[in-house]
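Residue numbers (the UniProt record's numbering), protein chains in the order written: chain A, 1 to 297; chain B, 1 to 436.
Step one of this worksheet: look at the structure below.
The structure is reproduced here in structure tokens:
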């Protein structure tokens with residue numbers, strides 16, 4: 001029983017990390033209507049900034065919370081700048097071409113990070129106390145608890161932002177119907193820029209939360225991005241809480257299958273995630289929390 | 001467009017022809033029965049093997065990662081360049097013909113992908129016309145390029161891999177420069193058998209030839225003793241996290257944990273073991289250098305045992321007391337681009353250069369056959385980064401360069417390795433065995 005609970009908790013813990021990446025993907029999708037393949041690499045780059053600010057040996061040695069704040073602020077500016085310089089020339093292009101541009105960004109940012117910082121593995125401290133809460137035979141680290149709390153708050157805040165605030169509505173409007181939004185006086189380009197900035201800022205936070213587990217390196221987000229996509233599709237690509245729930249489901253299914261179905265073992269962990277996606281897409285194409293897209297003809 | 005049967009047939013025949021040539025290339029295997037000097041090494045070779053040599057130069061090549069996610073493991077190139085700058089400043093490497101030749105090193109980037117490594121080796125051998133390869137990088141890349149080496153009879157010296165397959169007698173033209181993973185597994189197994197004769201062991205294993213070679217050696221060493229492997233979990237190289245596997249292993253509460261994981265995954269696994277509350281003694285494969293072990297979370301590096309073949313140069317006192325290391329650092333610092341490279345990992349390249357120098361000097365004839373025979377009869381006692389007590393020794397029947405290790409305890413507080421007992425050297429006991 002303790003082992004089962006431990007697996008459940010592992011699954012939720014890992015799943016929250018996938019959810020964090022999914023959250024950034026969902027945000028940029030809602031804000032700009034595009035899928036950003038460079039999302040993971042942008043988060044990785046910001047995490048290196050956090051590391052540079054906080055590391056005692058190679059960086060400035062600031063407190064880790066200050067480092068994360070710096071990384072998040074940098075993330076916002078970095079995302080906005082990328083939109084302005086790299087994405088804007090393709091603003092009127094179709095989504096396919098925009099996606100190819102983000103693939104190019106993926107490669108460029110990865111190489112840039114290795115060149116500017118290091119290709120070595122670096123350690124980032126956790127903002128939460130070390131150690132774990134032990135209940136019976138089950139242990140939950142304070143880091144896991146902290147990550148869960150931060151991400152829940154963030155998902156709810158995003159839902160409020162998009163559902164209740166003028167800025168959120170303007171961002172959504174700009175992505176869903178740029179023409180009408182412009183007629184209503186919304187500065188569409190500006191909204192897209194803010195959308196990219198916010199999404200990169202969330203990516204920076206996700207990176208800083210993931211890093212104590214996966215360490216900081218140019219490759220840190222690559223597999224996570226895959227799981228993040230799985231989580232986002234599962235939760236519905238346009239729902240922030242859905243992204244987290246999707247992440248947790250992927251994490252839990254993985255933990256259970258690798259623990260209890262020896263035939264599948266650990267080699268096919270990724271495959272189990274995709275089996276789950278296929279099932280959901282067949283039964284509920286819009287994802288668990290997504291809205292069916294309706295078009296006026 | 002209509003298909004053109006004749007053209008297709010011609011293409012198919014052409015491809016088949018290529019295949020036969022490729023297979024024929026690997027058939028240098030006759031020498032597996034013969035041994036000793038003047039063995040069948042030269043049989044089936046295209047020429048006398050002086051390609052890449054002039055009276056004043058010797059051209060060497062290698063393919064290794066210089067870009068991509070594994071760029072950090074490719075530091076050896078800078079160490080090699082440092083050595084060759086040093087030896088060229090003294091006129092070059094002296095051959096058995098009495099001539100000194102300056103080294104020209106041609107290097108290519110394969111981003112650690114086997115197909116690219118093979119294409120690079122093809123170019124190095126057939127277009128750049130190198131005399132030999134030095135420090136050819138990575139297990140998969142070496143195996144992919146092996147048919148080319150065998151067909152053209154090009155020495156591939158001190159390849160940077162510990163794959164036991166490099167000792168396969170059917171392919172005598174390559175020789176590994178790192179301790180075999182199976183040998184290391186065996187030494188670790190011997191330690192466990194002697195120190196914890198009735199221990200239970202839980203294993204995390206990278207699911208490829210590297211992981212299997214370690215485990216094979218380990219299991220051979222503990223066979224017949226009271227040591228029992230109670231659980232094995234595997235992971236794919238590149239998996240983002242191994243927490244699920246560690247939870248399963250921690251549930252066994254085994255006395256020992258054998259961490260057959262390198263780099264990032266290795267660190268993660270150790271952190272997870274610590275966080276789970278399980279406190280086994282950790283047996284760590286040497287793929288996790290001390291510079292990385294220092295990045296473990298507090299507590300996760302306690303009770304950790306790991307082997308090594310060299311002194312702990314991460315300790316400034318040890319580095320300062322070693323003449324060869326000082327000479328190396330002096331030349332390494334002058335090497336362009338070295339400022340971004342970890343000097344410890346690059347030092348391997350210096351030693352590869354040093355050993356190549358010795359091998360050429362001690363060849364009987366200044367050609368590929370002579371140099372390869374020399375590499376298969378090494379008895380080196382010159383300056384090295386190897387601990388005293390570990391022999392640097394090969395014979396035509398035993399091409400393993402090192403078969404010894406010093407086991408160490410990791411002192412997490414100081415971030416240093418503390419030697420544990422004497423050097424264990426099993427020179428001559430390791431036979432080639434395919435990894436199953």
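Backbone N, C-alpha and C define an ideal beta-carbon position, used for all residues, glycine too.
* Asked: Buried or exposed: residue 96(A), going by 16 or more other Cβ atoms within 10 Å of its Cβ?
  -> Stepping through the first chain from its first residue, residue 96(A) is reached at position 96. Residue 96(A) comes out exposed.
* Below-8 Å beta-carbon distance, residue 259(B) vs any chain E residue -> Protein chains A and B are contained in the structure displayed, whereas chain E is not.
* Asked: Buried or exposed: residue 175(B), going by 16 or more other Cβ atoms within 10 Å of its Cβ?
  -> Here residue 175(B) refers to the residue found at position 175 of the second chain. With 16 or more other Cβ atoms within 10 Å, it is buried.
* Give the residues of chain A in contact with residue 298(B), contact being defined as C-beta atoms less than 7 Å apart. => Taking the first residue of the second chain as position 1, residue 298(B) is located at position 298. By Cβ distance, chain A contributes 130.
* Asked: Should residue 149(A) be flagged as near chain B, meaning a C-beta pair shorter than 8 Å?
  -> By 1-based counting over the first chain, the position of residue 149(A) is 149. No, no contact with chain B.
* Asked: Which residues, in order along the region 226-244 of chain B, keep a beta-carbon less than 9 Å from a beta-carbon of chain A?
  -> 233, 234, 235, 236, 238, 239, 240, 241, 242, 243 and 244
* Applying the criterion that 16 or more other CB atoms from any shown protein chain within 10 Å of the CB defines a buried residue, is residue 136(A) buried or exposed? -> Position 136 of the first chain holds residue 136(A). By the 10 Å Cβ count, residue 136(A) comes out exposed.
* Check the Cβ of residue 215(A) against every Cβ in chain B and list those closer than 8 Å, keeping chain order. => Translated into the one-based positions of the first chain, residue 215(A) becomes position 215. Correct list: 264, 267, 268 and 295.
* Asked: Do residue 31(A) and residue 195(A) have their C-beta atoms within less than 8 Å of each other?
  -> Taking the first residue of the first chain as 1, we reach residue 31(A) at position 31. Taking the first residue of the first chain as 1, we reach residue 195(A) at position 195. Yes.
* **Supposed close pair residue 254(B), residue 230(B) - CB separation, criterion 8 Å** => Mapped onto the second chain, residue 254(B) falls at position 254. Mapped onto the second chain, residue 230(B) falls at position 230. Residue 254(B) to residue 230(B), Cβ: 5 Å. Contact.
* **Neighbour list for residue 342(B) in chain A, Cβ cutoff strictly below 8 Å** => Here residue 342(B) corresponds to residue number 342 of the second chain, with the count starting at 1. Within chain A, the residues near residue 342(B) are 120.
* To do: Enumerate in chain order the residues of its own chain whose CB-to-CB distance from residue 272(B) is below 6 Å, with the five nearest sequence positions on each side excluded.
  => Translated into the one-based positions of the second chain, residue 272(B) becomes position 272. The residues are 243 and 246.
* Could you spell out the range, first to last residue, of the beta strand (DSSP E) harbouring residue 28(A)? => The sequence position of residue 28(A) within the first chain is 28, counting from 1. No beta strand (DSSP E) contains residue 28(A), which is instead part of the alpha helix (DSSP H) from 2-32.
* Say whether the region 105-124 of chain B touches the region 46-62 of chain B, bearing in mind that this needs 3 or more beta-carbon pairs closer than 8 Å, one atom from each stretch. => yes
* Can you list, in chain order, the stretches of the alpha helix (DSSP H) that have 4 or more residues and sit fully within the region 226-272 of chain A? -> 240-260
* Out of curiosity, what's the CA-to-CA distance linking residue 131(B) and residue 107(B)? -> Position 131 of the second chain holds residue 131(B). Position 107 of the second chain holds residue 107(B). Each residue's Cα considered, the two are about 13 Å apart.
* In terms of residue numbering, what span does the beta strand (DSSP E) encompassing residue 378(B) cover? -> One-based indexing of the second chain puts residue 378(B) at position 378. No beta strand (DSSP E) contains residue 378(B), which DSSP labels as neither H nor E.
* **Per-residue burial, residue 89(B) [other beta carbons within 10 Å of its own, 16 or more giving buried]** => For the purposes of this step, residue 89(B) is taken as the residue at position 89 of the second chain. The residue in question, residue 89(B), is exposed, as its Cβ has fewer than 16 Cβ neighbours within 10 Å.
* Taking one C-beta from the region 136-151 of chain A and one from the region 254-268 of chain B each time, how about it: are there three or more such pairs within less than 8 Å? -> no
* Asked: Of all the CB atoms in chain A, is at least one closer than 8 Å to the CB of residue 285(B)?
  -> In the second chain, the residue the question calls residue 285(B) occupies position 285. Residue 285(B) does not count as touching chain A.
* Looking at the C-beta of residue 435(B), does it have a partner C-beta in chain A at a distance below 8 Å? -> Numbered from 1 along the second chain, position 435 holds the residue referred to as residue 435(B). For residue 435(B), the answer is no, since every Cβ of chain A falls outside 8 Å of its Cβ.
* From residue 307(B) to residue 251(A), what does the alpha carbon distance come to, in whole angstroms? -> By one-based count along the second chain, residue 307(B) stands at place 307. By one-based count along the first chain, residue 251(A) stands at place 251. If you take the alpha carbons of residue 307(B) and residue 251(A), they lie about 35 Å apart.
* In chain order, what residues of the same chain have a beta carbon less than 7 Å from the beta carbon of residue 237(B), not counting five sequence neighbours either side? -> Mapped onto the second chain, residue 237(B) falls at position 237. Only 206 and 208 meet the Cβ criterion.
* **Endpoints, beta strand (DSSP E) assigned at residue 191(A)** => To locate residue 191(A), count along the first chain from 1; it is residue 191. First-last for residue 191(A): 188-214, but that is the alpha helix (DSSP H), not the beta strand (DSSP E).
* Host alpha helix (DSSP H) of residue 186(B) (start-end) -> Stepping through the second chain from its first residue, residue 186(B) is reached at position 186. Per DSSP, residue 186(B) belongs to the alpha helix (DSSP H) from 181-195.
* Rounded to the nearest angstrom, how far is the Cβ of residue 58(B) from that of residue 361(B), given a contact under 8 Å? -> Counting from one through the second chain, the residue named residue 58(B) turns up at place 58. Counting from one through the second chain, the residue named residue 361(B) turns up at place 361. Not really, about 12 Å apart at Cβ, beyond 8 Å.
* Is it right to say residue 135(B) is buried, meaning 16 or more other beta carbons lie within 10 angstroms of its own, or is it exposed? -> In the second chain, the residue the question calls residue 135(B) occupies position 135. When all chains shown are included, residue 135(B) counts as buried.
* Distance between beta carbons of residue 138(B) and residue 160(B), contact taken as under 8 Å -> Within the second chain, the letter at position 160 stands for residue 160(B). Within the second chain, the letter at position 138 stands for residue 138(B). 7 Å between Cβ atoms; contact.
* Asked: For the alpha helix (DSSP H) that contains residue 244(B), what are its first and last residues?
  -> The count along the second chain starts at 1 and reaches residue 244(B) at position 244. First-last of the alpha helix (DSSP H) with residue 244(B): 243-250.
* Tell me, please, whether the CB atom of residue 102(A) is closer than 8 Å to any CB atom in chain B? => For the purposes of this step, residue 102(A) is taken as residue 102 along the first chain, with counting starting at 1. So no, residue 102(A) is outside the interface.
* State yes or no: is the C-beta of residue 235(B) within less than 8 Å of the C-beta of residue 309(B)? => Along the second chain, read from residue 1 onward, the residue named residue 235(B) stands at position 235. Along the second chain, read from residue 1 onward, the residue named residue 309(B) stands at position 309. Cβ atoms of residue 235(B) and residue 309(B): not closer than 8 Å.
* Should the region 286-299 of chain B be regarded as contacting the region 384-391 of chain B, the criterion being three or more beta carbon pairs within less than 8 Å? -> no
* Asked: Assuming residue 53(A) and residue 70(A) make a contact with CB atoms under 8 Å, what is their CB distance in whole Å?
  -> Here residue 53(A) refers to the residue found at position 53 of the first chain. Here residue 70(A) refers to the residue found at position 70 of the first chain. At roughly 5 Å, the Cβ-Cβ gap stays under 8 Å, so residue 53(A) and residue 70(A) are in contact.
* To do: Could I get the ranges of all uninterrupted beta strand (DSSP E) runs contained in the region 133-177 of chain B, with 3 residues as the minimum, in chain order?
  => 156-159 and 174-176
* To do: Anything in chain B within Cβ reach of residue 258(A), meaning under 9 Å, just list it in chain order.
  => Position 258 of the first chain, counting from 1, holds the residue named residue 258(A). Under the 9 Å cutoff, chain B gives 233, 244, 245 and 248.
* **Supposed contact pair residue 197(A) and residue 108(A) - C-beta distance, whole angstroms, cut 8 Å** => As a first step, residue 108(A) must be located in the first chain, where it is residue number 108. As a first step, residue 197(A) must be located in the first chain, where it is residue number 197. The pair is not a contact, with the Cβ atoms about 19 Å apart (cut-off 8 Å).
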